[in-house]
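Participant:
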Amino acid sequence: MSTVYVLVEHDDATITDVTKELITAARPLGEVTAVVIAAPGIAGTLAPQLAEAGAEAVIAAEAADLADRLILPQVDALSMLAAATPGPIVVAAGPTGNEIAGRLAARLASGVLCDVVGINADRTASQSVFGDSIQISAAVGGASPIYSVRPGAIEAAPVAAAGALTAFPLPGATTKDVTVTGFAPAIRGNRPELTQAKVVIAGGRGLGSAEGFALAEQLADALGGAVGATRDAVDLEYYDGVYQIGQTGQTVSPDLYIGLGVSGAIQHTSGMQTARKIIVVNNDEDAPIFQIADLGVVGDVFEVVPALINEINAQR
1 MSTVYVLVEH
11 DDATITDVTK
21 ELITAARPLG
31 EVTAVVIAAP
41 GIAGTLAPQL
51 AEAGAEAVIA
61 AEAADLADRL
71 ILPQVDALSM
81 LAAATPGPIV
91 VAAGPTGNEI
101 AGRLAARLAS
111 GVLCDVVGIN
121 ADRTASQSVF
131 GDSIQISAAV
141 GGASPIYSVR
151 PGAIEAAPVA
161 AAGALTAFPL
171 PGATTKDVTV
181 TGFAPAIRGN
191 RPELTQAKVV
201 IAGGRGLGSA
211 EGFALAEQLA
221 DALGGAVGAT
231 RDAVDLEYYD
241 GVYQIGQTGQ
251 TVSPDLYIGL
261 GVSGAIQHTS
271 GMQTARKIIV
281 VNNDEDAPIF
291 QIADLGVVGD
301 VFEVVPALIN
311 EINAQR
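Letter by letter, the sequence shown follows residues 1 to 316 in UniProt numbering.
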């Protein structure tokens, strides 16, 4: 059976939900080999989790100086593995994952498909294009085709596997490497990552101000979700741009999306309409967002949402 490589996303102690999704997505292509790029000792900690998720093999590509390097360690490890034993490569879509995918395609002379929402055994992949309005099936060539998979688009279905751990000598830094001279980690709150959240509360221009987004945060906390924003809200400085959802922001595919004061411009809906359930609250009954909503509430968000939060808390 052929080998398919999956680049592991992790936080040193645990693998992320998107890694479980990648392993599930990659399984139709062959036996999954999970590739861990980390500091020494981390791969051994992650190996049982990866085996439980479905990895037949785990490659420990470790080096002590990884904190000072960007992109190239992942590209080096995956390209060397695929050059020795060709096979498809699956990474998480996003700025970093897509750059890795592009560099791998150049090194391995293979095709690349980005932001796919499904992978088939014949090496074709499903993509949702033109603002998620059209679903297509795309083919890719080469001995080691590369796929970047949209986080949240595929439901993880763990199937326990061997997870045999093997060390892999990672090349050292060269003059081509970027040198990190300073690093300030993002301060994480208690909410889940936007692209991996099962519940997303999105605020739009209708929230009226940065203070209005406190309402979105309260609802997100009540439901254990993440907060996102439309481009208009970000442009008006209601919310930080890293939480923007849409064509020029992040793409989310949660189980539940709730839009508050969101009009439904294609710029935003292209990044969220693959959500499994869409609920919106807007005082404009003609807002385009109602056309894709499973449930729409015409009303004032500052009346509807507090009542909803009170009801949620009352049910606990």
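Beta carbons: idealized from backbone N, C-alpha and C, even for Gly.
1. Going by beta carbon distance, what residues of the same chain come within less than 8 Å of I309, once the five residues before and after it are set aside?
2. Going by C-alpha distance, which of I119, A55, T14, T19 is nearest P145?
3. Hey, which unbroken runs of the beta strand (DSSP E) at 3 residues or more fall wholly within the segment 112–154?
4. I59 lies in the beta strand (DSSP E); which residues open and close that run?
5. With respect to the beta strand (DSSP E) encompassing V301, which residues constitute its N-terminal and C-terminal limits?
6. If distances are taken between C-alpha atoms only, which option among T24, S2, T248 comes closest to V8?
7. Go ahead and label N190 buried or exposed: buried means 16 or more other beta carbons lie within 10 angstroms of its beta carbon, across all protein chains shown.
8. So, for P171: in the same chain, excluding its five sequence neighbours on each side, which residues have a beta-carbon less than 7 Å away from its beta-carbon?
9. I'd like to know if the segment 223–234 and the segment 258–277 are in contact, where contact means that at least 3 CB-CB pairs between them fall below 8 Å.
10. Using only alpha-carbon positions, find the residue among V4, G264, G296 that is nearest to P86.
11. Rounding to the nearest angstrom, what Cα-Cα distance links residue 318 and V281 in this structure?
12. Do A60 and A167 come within 8 Å of each other at the CB atom, strictly closer than that value?
13. Compare the C-alpha of A26 against each of I278, Q315, A157 and name the closest.
14. Need the endpoints of the beta strand (DSSP E) that F168 sits in, please.
15. For V90, does the three-state DSSP call read helix, strand or coil?
16. Is DSSP giving L256 helix, strand or coil here?
17. Note down the Cα distance separating K20 from E31, rounded to an integer number of angstroms.
18. Since I believe A229 is in contact with Y243 (beta carbons under 8 Å), could you give me their beta-carbon distance rounded to a whole number of angstroms?
19. Does the separation of the CB atoms of R150 and A93 fall below 8 Å?
20. From A64, E99, G212, L50, pick the residue whose C-alpha is nearest to that of A162; which is it?
21. Just reading off the beta strand (DSSP E) that N98 is part of, what are its end residues?
22. Could you spell out where the beta strand (DSSP E) holding G228 opens and where it closes?
Facilitator: To lay it out plainly:
1. Position 309 of the sequence shown holds residue 309. So the qualifying residues of the chain are Q218, L219, A222.
2. Here the question's residue 145 lines up with position 145 in the sequence shown. The option with the nearest alpha carbon to P145 is I119.
3. Runs of beta strand (DSSP E) with 3 or more residues, each lying fully within the segment 112–154, are found at 112–119, 125–129, 134–138, 146–149, listed in chain order.
4. Position 59 of the sequence shown holds residue 59. Segment 57–62, the beta strand (DSSP E) holding I59.
5. One-based indexing of the sequence shown puts residue 301 at position 301. Bounds of any beta strand (DSSP E) do not take in V301; it lies within the alpha helix (DSSP H) bounded by 301–314.
6. Taking the sequence shown and counting its residues from 1, one reaches residue 8 at position 8. Minimum Cα distance to V8 is reached at T24.
7. Counting from 1 along the sequence shown, the entry for residue 190 is found at position 190. Per the 10 Å Cβ criterion, exposed.
8. The sequence position of residue 171 within the sequence shown is 171, counting from 1. In chain order, D76 place their CB closer than 7 Å to the CB of P171, counting only its own chain and leaving out the 5 sequence neighbours on each side.
9. These segments touch.
10. As a working mapping, residue 86 is identified with position 86 in the sequence shown. Nearest C-alpha to P86: V4.
11. Coverage of the chain is limited to positions 1 through 316, which leaves residue 318 absent and any answer about it impossible.
12. One-based indexing of the sequence shown puts residue 167 at position 167. One-based indexing of the sequence shown puts residue 60 at position 60. Yes, Cβ-Cβ distance for A167 and A60 is below 8 Å.
13. Taking the first residue of the sequence shown as 1, we reach residue 26 at position 26. Checking every option, the nearest Cα to that of A26 belongs to A157.
14. By 1-based counting over the sequence shown, the position of residue 168 is 168. Judged by DSSP secondary structure, F168 falls within the beta strand (DSSP E) whose first and last residues are 164–169.
15. Here residue 90 is taken as the residue at index 90 of the sequence shown, counted from 1. Note: V90 maps to strand in three-state DSSP.
16. Numbered from its first residue, the sequence shown carries residue 256 at position 256. It is a strand residue.
17. Working through the sequence shown from its first residue, we reach residue 20 at position 20. Working through the sequence shown from its first residue, we reach residue 31 at position 31. Rounded to the nearest angstrom, the two C-alpha atoms are 14 Å apart.
18. For the purposes of this step, residue 243 is identified with residue 243 of the sequence shown, where counting begins at 1. For the purposes of this step, residue 229 is identified with residue 229 of the sequence shown, where counting begins at 1. Contact holds; Cβ gap of about 5 Å.
19. In the sequence shown, the residue the question calls residue 150 occupies position 150. In the sequence shown, the residue the question calls residue 93 occupies position 93. At a Cβ-Cβ threshold of 8 Å, R150 and A93 count as neighbours.
20. Residue numbering aside, residue 162 sits at position 162 when the sequence shown is read from its first letter. When A64, E99, G212, L50 are compared, the shortest CA-CA separation from A162 is found for L50.
21. Counting from 1 along the sequence shown, the entry for residue 98 is found at position 98. Annotation for N98: no beta strand (DSSP E) segment contains it, though the alpha helix (DSSP H) segment containing it runs 95–108.
22. The residue given as residue 228 occupies position 228 in the sequence shown. In the DSSP assignment, G228 falls within the unbroken beta strand (DSSP E) covering 226–229.
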